[in-house]
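K.L.:
Handing you a structure now.
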Amino acid sequence: MRYLSTRGQAAPRDFEGVLLAGLAEDGGLFLPESWPSLSAAEWRALRGLPYAELSARLIHPFAGEALSFETLRAMTGEAYAGFGHPAIAPLVQLDQRSFALELFHGPTLAFKDMAMQLLGRLFDHALARRGERITIVGATSGDTGSAAIEACRDRHAIDLVMLHPEGRTSEVQRRQMTTVLSPNIANIAIQGSFDDCQDLVKAMFNDAPFRREMHLAAVNSINWARVAAQIPYYAYAALALGAPDRPVAFSVPTGNFGNVLAAWAVRRMGLPVERLIIGANRNNILARFLASNDMSIRTVEPSYSPSMDIQVSSNFERLLFELLGRDGAATAAVMGRFRAEGLMPVPDAAWREATALFHGFTLDDPGTLAEIRRLWTTAGYLADPHTAIGTAAARALAPEDPGIPVVVAATAHPAKFPDAVEAAIGLRPPLPPRLADLYERQERYSGAAPDLAVVEALVRGHARRNG
Ligand SMILES: *Cc1c(COP(=O)(O)O)cnc(C)c1O
Numbered sequence: 001m002r003y004l005s006t007r008g009q010a011a012p013r014d015f016e017g018v019l020l021a022g023l024a025e026d027g028g029l030f031l032p033e034s035w036p037s038l039s040a041a042e043w044r045a046l047r048g049l050p051y052a053e054l055s056a057r058l059i060h061p062f063a064g065e066a067l068s069f070e071t072l073r074a075m076t077g078e079a080y081a082g083f084g085h086p087a088i089a090p091l092v093q094l095d096q097r098s099f100a101l102e103l104f105h106g107p108t109l110a111f112k113d114m115a116m117q118l119l120g121r122l123f124d125h126a127l128a129r130r131g132e133r134i135t136i137v138g139a140t141s142g143d144t145g146s147a148a149i150e151a152c153r154d155r156h157a158i159d160l161v162m163l164h165p166e167g168r169t170s171e172v173q174r175r176q177m178t179t180v181l182s183p184n185i186a187n188i189a190i191q192g193s194f195d196d197c198q199d200l201v202k203a204m205f206n207d208a209p210f211r212r213e214m215h216l217a218a219v220n221s222i223n224w225a226r227v228a229a230q231i232p233y234y235a236y237a238a239l240a241l242g243a244p245d246r247p248v249a250f251s252v253p254t255g256n257f258g259n260v261l262a263a264w265a266v267r268r269m270g271l272p273v274e275r276l277i278i279g280a281n282r283n284n285i286l287a288r289f290l291a292s293n294d295m296s297i298r299t300v301e302p303s304y305s306p307s308m309d310i311q312v313s314s315n316f317e318r319l320l321f322e323l324l325g326r327d328g329a330a331t332a333a334v335m336g337r338f339r340a341e342g343l344m345p346v347p348d349a350a351w352r353e354a355t356a357l358f359h360g361f362t363l364d365d366p367g368t369l370a371e372i373r374r375l376w377t378t379a380g381y382l383a384d385p386h387t388a389i390g391t392a393a394a395r396a397l398a399p400e401d402p403g404i405p406v407v408v409a410a411t412a413h414p415a416k417f418p419d420a421v422e423a424a425i426g427l428r429p430p431l432p433p434r435l436a437d438l439y440e441r442q443e444r445y446s447g448a449a450p451d452l453a454v455v456e457a458l459v460r461g462h463a464r465r466n467g
């Protein structure tokens with residue numbers, strides 16, 4: 001399988017090349033040259049497989065010759081072995097037609113473990129084969145960071161430096177990152193927003209000499225392998241609910257567009273996905289885009305769902321490339337103007353095509369608390385604030401046909417956001433036993449202004465030299 005850049009200039013790469021590169025040299029994101037597609041009979045044959053097995057079968061076509069099926073299956077087996085639920089991603093029914101797809105049973109209690117536990121193993125395998133080391137730099141609004149750190153801690157060929165916006169993550173999220181004292185892990189609190197962190201990471205990648213010197217690699221949701229590793233759980237839920245013989249809809253609380261892009265991909269691979277509902281907090285650039293083709297950057301406001309406090313949805317570029325008929329030059333032009341002017345000039349036809357499938361929903365903080373309360377009183381279900389935005393979006397925008405089930409991506413364990421849950425229902429959800437002593441553990445991190453030279457110096461100081 002070969003991969004193309006959404007901006008049409010970078011040379012195509014294979015799965016391993018894309019895994020290690022993250023962002024393409026032309027600033028674009030990689031996508032497979034063609035989408036694997038399964039027939040209805042092939043989908044039916046996947047029903048009932050254990051999660052790790054299904055996951056290997058669906059990811060393997062994307063890896064192609066870069067990885068044997070047996071190797072990949074061993075990796076998915078290991079990646080999901082430590083999860084706290086035997087189903088890995090259990091479906092919990094919330095009402096007549098809606099279901100929570102719980103993606104938070106991994107080591108850091110958020111959905112990013114689903115991809116990151118596999119990604120760490122993919123990196124290790126590729127680096128060992130090449131005899132190389134890498135420095136991973138990442139930006140996190142909370143959950144990516146801890147998931148990446150858990151996936152990379154103590155790995156021999158990887159140094160990891162994680163940037164988070166100071167004071168904008170929950171205390172649980174910060175401590176899950178800063179209490180990992182492994183020598184190959186460093187955390188930097190940036191005095192700015194998540195977008196500042198993400199801009200710094202992009203700028204480090206665009207600094208070619210620095211990128212070469214450090215052997216930089218990415219784990220942010222721009223990395224194709226992460227999107228690929230998120231595809232299986234949508235298929236798992238759809239198959240369990242009757243697909244391909246029954247259509248389904250998904251509701252996904254989204255920030256960077258990565259998770260919902262994976263739901264879009266299963267549709268592209270042949271499953272009948274009727275509708276994709278996007279839940280947003282007050283930082284609702286995607287909902288504004290879908291409502292009125294207004295993809296314009298505003299300042300990021302803090303909310304009860306900090307992992308979606310984002311105004312630039314990086315992975316949207318992949319959908320844009322598809323909507324523009326895979327025209328890399330056109331995608332580069334639109335992205336260039338977005339960068340320069342803060343307003344993405346999406347052609348009307350492309351916008352209309354997007355709105356036929358995607359529906360956006362915005363929920364403010366009081367609405368989020370009310371939804372947590374409603375789920376608790378009507379279904380006895382305890383949801384975190386991100387998941388609650390997804391369930392509220394699902395209720396507001398479910399397809400008219402009541403026979404179509406709506407699967408909500410439940411992206412975090414409620415104990416990751418105890419303040420919001422307590423504000424909603426007066427109860428503080430306890431951490432699972434494996435994290436119970438988190439508040440007593442020692443923290444280690446440094447702070448920095450959002451200044452490229454300062455941050456590059458910190459990364460250089462941390463990275464053990466390659467080669
Ligand atoms: C990262 C995250 C999201 C948003 O996911 P994207 O891939 O950025 O759309 C939603 N909820 C939680 C809990 C997250 O950690």
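Using UniProt numbering, the first residue of the sequence shown is number 1, and each one after it goes up by one.
Every residue, glycine too, gets a C-beta built ideally from N, C-alpha and C.
Taking the alpha-carbon positions, what's the A203 to A139 distance?
P.N.:
12 Å
K.L.:
Can you say whether N206 is buried or exposed, counting buried as having 16 or more other CB atoms within 10 angstroms of its CB?
P.N.:
exposed
K.L.:
Buried or exposed, going by whether 16 or more other CB atoms sit within 10 Å of the CB of residue 472?
P.N.:
What the structure shows of the chain is the stretch from 1 to 467, and residue 472 is not part of that stretch, so it cannot be assessed.
K.L.:
To the nearest angstrom, report how far apart S296 and A265 are at their CA atoms.
P.N.:
25 Å
K.L.:
Between the Cα of G27 and the Cα atoms of H359, F104, E317, A79, which residue gives the shortest distance?
P.N.:
E317
K.L.:
Any idea if V454 is buried or exposed, counting beta-carbon neighbours within 10 angstroms, 16 or more meaning buried?
P.N.:
exposed
K.L.:
Enumerate in chain order the residues of its own chain whose CB-to-CB distance from N283 is below 8 Å, with the five nearest sequence positions on each side excluded.
P.N.:
G255, R298, V300, E301, S303, M308, D309, I310, Q311
K.L.:
For G106, which three-state DSSP category applies?
P.N.:
coil
K.L.:
With DSSP collapsed to three states, give me the class of R441.
P.N.:
coil
K.L.:
Given 8 Å as the limit, is there contact between the stretch 356-374 and the stretch 273-292, that is, 3 or more CB pairs closer than that?
P.N.:
yes
K.L.:
Could you pull the start and end residues of the beta strand (DSSP E) that V334 belongs to?
P.N.:
Where V334 is concerned, there is no enclosing beta strand (DSSP E), although the alpha helix (DSSP H) it sits in stretches over 328-341.
K.L.:
According to DSSP, is T377 part of a helix, a strand, or is it coil?
P.N.:
T377 falls in the helix class under three-state DSSP.
K.L.:
Excluding sequence positions up to five away, which residues of its chain have a Cβ less than 7 Å from the Cβ of V180?
P.N.:
I149, R153
K.L.:
Could you tell me how far apart the beta carbons of F194 and S146 are, in whole angstroms, since I believe they sit closer than 8 Å?
P.N.:
Not confirmed; about 14 Å, so no contact.
K.L.:
Please determine, among A157, M1, A87, the residue with the shortest C-alpha to C-alpha distance to R464.
P.N.:
Ranked by Cα distance from R464, the options A157, M1, A87 are led by A157.
K.L.:
List the whole-angstrom C-beta distance separating F89 from T387, where the pair is believed to meet the contact cut-off of C-beta under 8 Å.
P.N.:
In the sequence as displayed, the identity of residue 89 is Ala instead of Phe. Their Cβ separation, rounded to whole angstroms, is 13 Å, which puts A89 and T387 out of contact at 8 Å.
K.L.:
Ordered along the chain, which non-local residues of its own chain (more than five positions away) have a Cβ less than 6 Å from that of A393?
P.N.:
Cβ neighbours of A393 beyond the five flanking positions: S251, I277, G279, F361.
K.L.:
Taking the alpha helix (DSSP H) that R460 belongs to, which residues open and close that run?
P.N.:
452-462
K.L.:
Is L241 helix, strand or coil when you go by DSSP?
P.N.:
Per DSSP, reduced to three states, the secondary structure at L241 is coil, with no helix or strand assignment.
K.L.:
Helix, strand or coil for F289 per DSSP?
P.N.:
helix
K.L.:
Check whether the stretch 117-128 touches the stretch 428-448, taking contact to mean three or more Cβ pairs, one atom from each stretch, closer than 8 Å.
P.N.:
Flag = no, the stretch 117-128 and the stretch 428-448 do not touch.
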